[in-house]
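Chains as they are written, first to last, in our numbering: chain X, 1 to 465; chain B, 1001 to 1295; chain E, 2001 to 2289. All residues carry an ideal CB built from backbone N, CA and C; glycine is no exception. Owing to the predicted nature of the structure, the values given are computational and were not obtained by experimental measurement. Presented below is the structure to which this report refers.
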Amino acid sequence: MKLLSRIISAVLVLCALGILVFGPRANQSIPADRRGDVVVEYWEKWVGPEADGIQQIVSDFNDTVGRQKHIYVQCMSMSNITQKTLTAIAGGMPPDVAGLWHDVVLQFAALDAVEPLEKMAADHGITADSYKPVYWNACHYNGHLYALVSTPGAVALFYNTRLFHENADKLRRAGLDPDRPPRTLEELDRYAAALNTFVVDSHGRRHLDQAGYLPMEPGWYITNTPIWFGTDVWEENAGRFVFTDPRVVRACQWIQGYSLRLGAEAVNEFTSQSDIKGGFATPQNAFIAGKVVMEQQGPWMANYIHHLRPQMDHDWAAAPFPSAVAQQDVTFCPFDALMIPKGAKHKREAFEFIAYVNRQDVMEKLCKLHCKNSPLARVSDDFLHHHPNPYIGVFEELARSPNAHGPIQCPIAQEAGSQFQAAIQGLVSAGRAMQPAEAMALLEQDMQAKWESYLQEQRIRREKQ
Amino acid sequence: MLRTRAQSGDFLKGLAFLSPWLIGFCVFLLLPIGLSLYYSLCDYSLLQPPIFRGLSNYRQLVHDRLFWQVLKNSLLYAAMALPAGLVVSLALALLLNQKVPGQSVFRTIIFIPSLVPTIAAAALWLWLLNQKSGLINLLLGMIGIPGPGWLTSPRWVLPALALMSLWSVGNTVIIYLAGLQDVPRELYEAAELDGANAWRKFRHVTLPMISPVIFFNLVIAIIGVLQVFDAPYLMTAGGPNHASYFFTYYLYDCGFTYLKMGYASAMAWIQLLIVLVLTGLAFLSSRWWVFYQGK
Amino acid sequence: MRVAGRKTSPTNIAAAYVALLIAGAAMLLPFFWLVSTSLKADDRVLQTPPRWLPDPVRLDNYRRVMQSPTSNFPLWTRNTLIVAALEVVGVTFSSSLVAYGFARIRFRGRGVLFALMLGTMMIPFPVVMVPLYRIFRFLGDHSGMAWLGTFRPLWVPAWFGSAFSIFLLRQFFVTIPDELSEAARIDGCSEWGIYWRIILPLSRPALSVVALFTFMYVWRDFLGPLVYLQRPTQYTLALGLQAFQSQNGGTSWNLLMAAAVLVIAPVIVLFFVAQRTFIEGIATTGMKG
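As C-alpha cells, this is what we get:
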C-alpha cells in the first residue's frame, strides 16, 4: 500500500511538473502578420451561437477595415460582464470595448466610467436620424451619447398556433377565436384560462400540466410589466420612483393573480422546470416543449425554436403583446450596448470597430445571425424578407412604435430593478399573504430613500470639485 | 529591569524570524483595516476619490431595510448550519475512527465533497434541490413526502442551503479525527474497567478530551458562517425575494455591483463587530465546557 | 483477543459499518450524479424523469471540455498550478519561519504578538477586500509592474505567513524538546542553523499538513481570483469553471460537470494517497489550545 501511494504521488508530481513546464502559455494568439497593429480588446457577454455570430463580425472587421487601418480586434467571452468590467475599470486595466447590458448604460455613465461618444459618432456620420428613437434615447445620459447598440430586441407575444387549433373547441366555448391571438390583456387572461390543463396524481394532488400563459415563464421582462398598464416605474420629469402609482399596483396584482388562481405551489413547481439556469436553451424549454402556450419573448426565440425543435417552425406566430390600457404596439426594448470604458488604451480604434458594427449592412448581418430586429432607422427589404424570423416585421414595427419603452432613465435603475424583481418574486411565491399595494409602498419608500441619498452624494461631490 | 545582552539579542532574533509576518501584517492587514475604516466614513465609488461624510453610511445602514434582512438571513442560516454542521461532522469523525475494513476508503468518500469547487457544487445542488426532478424530492417522494420547492420557496431556501453545507463537512471531520486520535487510550481502558458502555465512554472520556478541538472548530465556524457567499451567489442570486440574500453577498453587491464602496466598508466593519462579539461569547462560555489536557 | 483500549465487539463494528455505509452513500450519491451527468448527451441532460445512468454514454464530453474554444482548460490548469506552487512554498516557508520565532525563541512581547496573530484570523475577508484592491491598484501604478490582473495579489501575501499555518506549526514546534536546540547552541550553531538543520527536518509531518491544506485551499479558491484576475487567459480552474455557465440560459450542464470532475480528480487522488500524513500531521500539532 505504501509503495502504491509512493507511485501515485510520483505520478501526480510528474504530471504537475509536466503541465507547468510544457503547458500552454497565455499568448496573445495574434496572427503573425498583424503583430504591428493596434490591438483592441473587446469583452462580450455571449456564449454559444451568439458568440459565434459576433466573432464572425469581428473577423469581418479585422479582414477589411482592420487591415486598412491596422487595427486588430480580439473578442473575449466574459461571464458576469458588468462586475468584471467595473472591477477592471477600477483596477485601471479596462478593455477597449465592453459589450454591456442595456440596464447598466446609465449607471456606468453616471459613474463617469465610460467615454462620451457623440463627437466620434458625429465624425462617423452616426446621428439621431440613424437610429430608431427608443434605442437612441436609451444610449443618452445628461445630453451625452455613452453607448451604441450591437444588437437590439423588442418583446412581443409568442403563441403556439398548433395548440390553439388543437384546443379550438375549448377556446370557442369560452367565446374566443382560435384563429387570432389575444388583443387585450384581459383577453390574454381568458385565453390563458381556457388553455390551462391539469393532471391529478396518485396522491390526488392537482398539477399544472400545460399552462396557457404564466407571467413568470420565462419572466425575463417581468419588471417591465407596468408599461403594459400605461406607465413606467420611474417618472422622468419629476425624477422619482412611482411604484405606488395605481397602474403599477395593478400590474403587480395582475402578476400575482396568476399565482392566486393556479396556486402558488403549482406555479412554482411548473416554473421550476426551467428555473434551472440553462433550461432555456434546451428542448425542455417550456414554450418549445409545448408546456406553455403563450409567452413574452424577443425575436431571438425563433432561432432557438428552429435549432432545438425544427418541427415546431410552423407551429408558432408572433404578435404585439396586448396591453391592459388602450395603447397599441406597446413593447419593451432591451438591447446590447457597446461602450468604451474610461482608461481604455485605444479609444479611437475602439470606436472604429463600434462604428463598423453600426454600418447598415454589417448590423443587418449581425442581427440576422442573432435573429433580432435592427436598431437602425433604415432597414433594407432584404433584411425583412430574408430574416430567419418570419415575423420580423412585427418586431420592427414594435421597435418603431411611439409606445416602445427602453430601460428607465435613472442611474440607480439596476438596484431598483433587482429590488422590484425580488418584490415580485415575493408576491408570486407568498400568494395571498402579501398585498401588492403594501409591497409597492415599501419598495417605493426604500428606493426613494436610496435615490435621495444618491442625489445628495452627487451634490456634495459637485461642491467639493 | 536590566536587559541582559542575551535577552536583547533574543529580541532581535525573534523579530528577525517574525519579520515576514510583521511586514505582511502591516501591509496586508493593518493598512487595509485602517483604509477600510476610513472608507466606511466616506462615499467612495472606486472610480472617483473618496469624499468624507462622517457617520452617514452607518446612519443609512440603520435605516436600510435590506441590511436588516440580510443580517437576519445570515444569523438564521448560522443558527441552522452551525449546530448541524458540528454535530454531523463529530458524528462522522467518530464513525471514521472505528477500525473497520476500508477505513481509508470511507475517509476519502466523506472528504471528497469538500473538494468539489463551489461552482460545480452549486450547479449540482441546483439540480438535487429541483422541485420536480431533483434527487432530494425524488427520495422524499419514495417515502411519501411531497418535497417543497427548495430554492423557490422563501421558507425552505435557508434550510436547503444549510443542508447543502452539510455535504462538505469533510474539512471539519478531518480535524476532529486528528483530535480523536490524541485521546489517550489509558482513559478508555480505565473507563472500560469501570464498566462504561459506548455512550458513557463518549460522554465522559471522548467529549471532554476533544473539547478544545470542538472549541477550535466552533470559532472557525463562527468566523466562516457569516462569510458564506459562493453558494447563494451561484444558485439563487439571493432570492426568492431576498430570502437567501446573505450579508457578504449584499456587501459584495454594494461594493462591486453598485460601486458604493464606502457603504460596503461600513457593512464589513459591522460584520467584524458581530464576529468579535460571537467569538467573545464562545470564549467566555469555554470556561464551562472546554477542558485542556495537562494544563 | 482484546486490542488495547479500543472496543472491538463485533456488534459495534457492524453497527458502525452500517452507519458508515449510509453516510458514505449520502456523501457519494450527489457525487455519483455529478459524474453521471458529465457523461450524458446534450439533449438528455435535463430529461424528466431524470435517469441515473447516462444513455448514451458520452466520454466525448471530456474531450470537448479540454478542447473547448471558449475555455482553455489546460491553460487554466497551468495557471492554477503556478499559483498553487508559489502559494504552497510561500506559506510553508514563511509560516515555519514565523512559527519558529514564536515557538523557539523567548523574547519580550512574544505572547502579546502571538495573541494578536491569532486575533487576525478573525478578520473577515470582506473587511480588507476593497482596500486591498485599492492597495494593489496603487502598487500597480507606482511599483513599475502590474499587480491587478496578474497572479501577484494571490501569491505575494502568502510569502508573509498565514495565521492558520503559523498557528499549526507553532503548536508543533513547541513539542520538540528544548535540549535539542540547547545542544546545538552550545555547539555554536546559529539560530538560523538550528531552524534549518534541526527543527525543519523534524517537522516533516506538520509541514506536509500545511502544504497540503494550502494546496487544497488554493485549488478551490474562487473569491480571490474573482476579484483580482481580469482576463480569461489568467483564470484559475475554480474561476474558469464559470465559463461553462451562461448568464441567461444555455449552460452546458454536462460539460460543466465534466470540467468539475477533471478539477476534482487530482485532489481526490492526492488526498487518498496522503490521508495518513494529513491526519497524523494535524494530530501531532496538537489542537489542545
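Run of the alpha helix (DSSP H) containing residue i, from where it starts to where it stops
i        : result
P2131(E) : 2125 to 2142
S150(X)  : No alpha helix (DSSP H) contains S150(X), which is instead part of the beta strand (DSSP E) from 148 to 152.
L369(X)  : 360 to 370
W481(X)  : Residue numbering for chain X in the displayed model covers 1 to 465; residue 481(X) lies beyond these limits and cannot be assessed.
V199(X)  : That residue, V199(X), is in no alpha helix (DSSP H); its beta strand (DSSP E) goes 197 to 200.
A413(X)  : 413 to 430
Neighbour-count burial assignment, residue i, 16 or more Cβ in a 10 Å radius
i        : result
G1102(B) : exposed
N142(X)  : exposed
L1284(B) : exposed
S380(X)  : exposed
I1136(B) : buried
F22(X)   : exposed
K372(X)  : buried
F1052(B) : exposed
Q414(X)  : buried
D275(X)  : Summary for D275(X): the model assigns pLDDT 49, below 50, so the residue's position carries little reliability, and this model does not support an answer.
K450(X)  : buried
F198(X)  : exposed
M1261(B) : buried
C1026(B) : exposed
W2052(E) : exposed
Whole-angstrom distance between residue j and residue i, CA atom to CA atom
i        : j        : result
Y1039(B) : G92(X)   : 19 angstroms
G426(X)  : G1239(B) : 9 angstroms
D1230(B) : F2125(E) : 13 angstroms
N2248(E) : A2014(E) : Unreliable placement is indicated for N2248(E), whose pLDDT of 49 sits below 50; the coordinate value is still reported in the next sentence. So the two alpha carbons sit approximately 50 angstroms from each other.
G1024(B) : L1090(B) : 35 angstroms
V292(X)  : V200(X)  : 18 angstroms
S2063(E) : S77(X)   : Per the sequence shown, residue 2063(E) should be read as Arg rather than Ser. Cα to Cα, R2063(E) sits roughly 20 angstroms from S77(X).
L2270(E) : I71(X)   : 47 angstroms
R2278(E) : S2208(E) : According to the sequence as given, residue 2278(E) is Phe; it is not Arg. In a straight line, the C-alpha of F2278(E) is about 7 angstroms away from that of S2208(E).
A1084(B) : I1270(B) : 26 angstroms
Q2234(E) : L1035(B) : 28 angstroms
G2193(E) : G2101(E) : 13 angstroms
For residue i, the nearest candidate out of the options (CA to CA)
i        : options                                : result
T223(X)  : L208(X), K365(X), Q256(X)              : Q256(X)
L2118(E) : G2149(E), N2061(E), Q2171(E)           : Q2171(E)
S2094(E) : L2081(E), V2035(E), S2165(E)           : S2165(E)
P116(X)  : H207(X), E463(X), K347(X)              : K347(X)
H386(X)  : A399(X), Q445(X), E364(X), L376(X)     : E364(X)
A194(X)  : F241(X), A264(X), C75(X), Y213(X)      : Y213(X)
A430(X)  : N1241(B), A1160(B), V1219(B)           : N1241(B)
Q435(X)  : S259(X), L171(X), W451(X), I288(X)     : S259(X)
T1206(B) : L1281(B), V1183(B), L1163(B)           : V1183(B)
E457(X)  : L1259(B), A1121(B), I1274(B)           : L1259(B)
V326(X)  : A286(X), F241(X), P411(X), G230(X)     : The question names Val, but residue 326(X) is Ala in the sequence shown. For the residues A286(X), F241(X), P411(X), G230(X), the minimum Cα distance to A326(X) belongs to G230(X).
L1366(B) : I2123(E), V2130(E), R2137(E)           : Residue 1366(B) lies beyond the stretch modelled for chain B, which goes from 1001 to 1295, so this question has no answer here.
T1172(B) : G1224(B), L1128(B), L1022(B), S1045(B) : G1224(B)
Q210(X)  : W316(X), N167(X), V73(X)               : N167(X)
T2077(E) : R2197(E), L2239(E), S2252(E), R2276(E) : L2239(E)
Limits of the unbroken beta strand (DSSP E) element including residue i
i       : result
I392(X) : From DSSP, I392(X) is part of no beta strand (DSSP E) but of the alpha helix (DSSP H) over 392 to 400.
I157(X) : Just to set this straight, residue 157(X) is Leu in the shown sequence, not Ile. Per DSSP, L157(X) belongs to the beta strand (DSSP E) from 156 to 160.
L208(X) : 206 to 213
E41(X)  : 38 to 44
M76(X)  : 71 to 77
D336(X) : 335 to 339
Q296(X) : 292 to 297
Segment contact flag, the region 1096 to 1111 of chain B with the region 2213 to 2228 of chain E, C-beta cutoff 8 angstroms, min 3 pairs: no
Is the region 107 to 115 of chain X touching the region 328 to 348 of chain X, taking contact as three or more C-beta pairs under 8 angstroms? yes
Three Cβ pairs or more, each shorter than 8 angstroms: is that satisfied between the region 35 to 55 of chain X and the region 94 to 102 of chain X? yes
Please determine if the region 398 to 410 of chain X and the region 314 to 330 of chain X are in contact, where contact requires at least 3 C-beta pairs separated by less than 8 angstroms. yes
Can you confirm whether the region 2084 to 2103 of chain E touches the region 2144 to 2160 of chain E when touching is taken to mean that 3 or more C-beta pairs between the two stretches lie within less than 8 angstroms? yes
Across the region 155 to 174 of chain X and the region 314 to 324 of chain X, are there enough close Cβ pairs to call them in contact, namely three or more that are closer than 8 angstroms? yes
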